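Here the structure comes first, spelled out in structure tokens, and everything after it is commentary.
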Amino acid sequence: MNISEIQKLAHAQAVKSGWWEGDPDIDEKIVLIHSELSEALEEYRNPERDIRQIYYSVGERDKGKMCNYDTICNALPTHKPCGFGVEIADALLRTLDVMEYLGTTYITGCTHKLYPELDWPPYIPIRIKLLHESVSRCPTMVPYLKYDLGKYSELCDCILYVAGDSRIDLERCITEKMAYNATRPHRHGGKRC
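So for the sequence shown, our numbering puts the first residue at 0; every next one is plus one.
Next up, the structure:
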């Protein structure tokens, strides 16, 4: 699956789940991308998990119970995938969702090559900080959107770089998270945003 296909699927799933009902607020969507990055940092902080590991929350009624992929080789879609890579995938999915809504497409460019001064350090918390900064550069005010939509592609590049350099199986994380999201109720059970 390529980025353009993922972008269309992510947005279609978000629309079906009710996330674009009413008067959409791009600022709200940006804050949710920040939220996913913060969740990725929380996953990194857990010393018992490898950042490439996907584990599963077994469900709402069994909240808190976790199982590893090795334990249940065929995880059910109702088992919520969790882990650093899954949260990075969530950040990418939310970014692509916004891009599809705004009518822009991903333009590859490997931001780390375009901006060598970023000097992506290997320490994950610093990378997360740099991703937060990249999210903050994405325009949200309607008058500026047409001039700076490339910032969303730059953000995608940064996310893809961190995932690749961390050796995360991003395609698997995206596939599993989208399969899980398809099983969730409207607005994930009535969330405000």
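C-beta atoms are modelled at their ideal positions from N, C-alpha and C, and glycine is treated no differently.
Since we're looking at a predicted model, the values are computed, not measured.
Beta carbon proximity, residue i to chain D, threshold 8 angstroms
i, result
"residue 178", "Here chain D cannot be found, since the structure has a single protein chain."
Contacting residues, own chain, Cβ-Cβ under 8 angstroms from residue i (five flanking each side not counted)
i, result
"residue 92", "5, 9, 173, 176, 177"
"residue 166", "51"
"residue 7", "99"
"residue 163", "169"
"residue 3", "104, 105"
Environment of residue i [buried if 16+ CB atoms lie within 10 Å]
i, result
"residue 98", "buried"
"residue 80", "buried"
"residue 132", "exposed"
"residue 20", "exposed"
"residue 182", "exposed"
"residue 107", "exposed"
"residue 18", "buried"
"residue 11", "exposed"
"residue 184", "exposed"
Cut-off 7 angstroms between Cβ atoms - residues of its own chain near residue i, not counting five sequence neighbours on either side
i, result
"residue 29", "134, 137, 139"
"residue 103", "148, 151"
"residue 35", "86, 89, 90, 93"
"residue 26", "139"
Pairwise C-alpha distance: residue j and residue i
i, j, result
"residue 121", "residue 156", "17 angstroms"
"residue 189", "residue 44", "29 angstroms"
"residue 195", "residue 186", "Only positions 0 to 192 of the chain appear in this structure, which leaves residue 195 out of reach."
"residue 100", "residue 151", "12 angstroms"
"residue 82", "residue 90", "13 angstroms"
"residue 191", "residue 1", "31 angstroms"
"residue 124", "residue 40", "7 angstroms"
"residue 16", "residue 158", "24 angstroms"
"residue 37", "residue 31", "10 angstroms"
"residue 154", "residue 160", "10 angstroms"
"residue 95", "residue 42", "22 angstroms"
"residue 14", "residue 23", "11 angstroms"
"residue 33", "residue 126", "13 angstroms"
"residue 128", "residue 53", "22 angstroms"
Residues near residue i by beta carbon distance below 6 angstroms, same chain, minus five either side
i, result
"residue 84", "167, 172"
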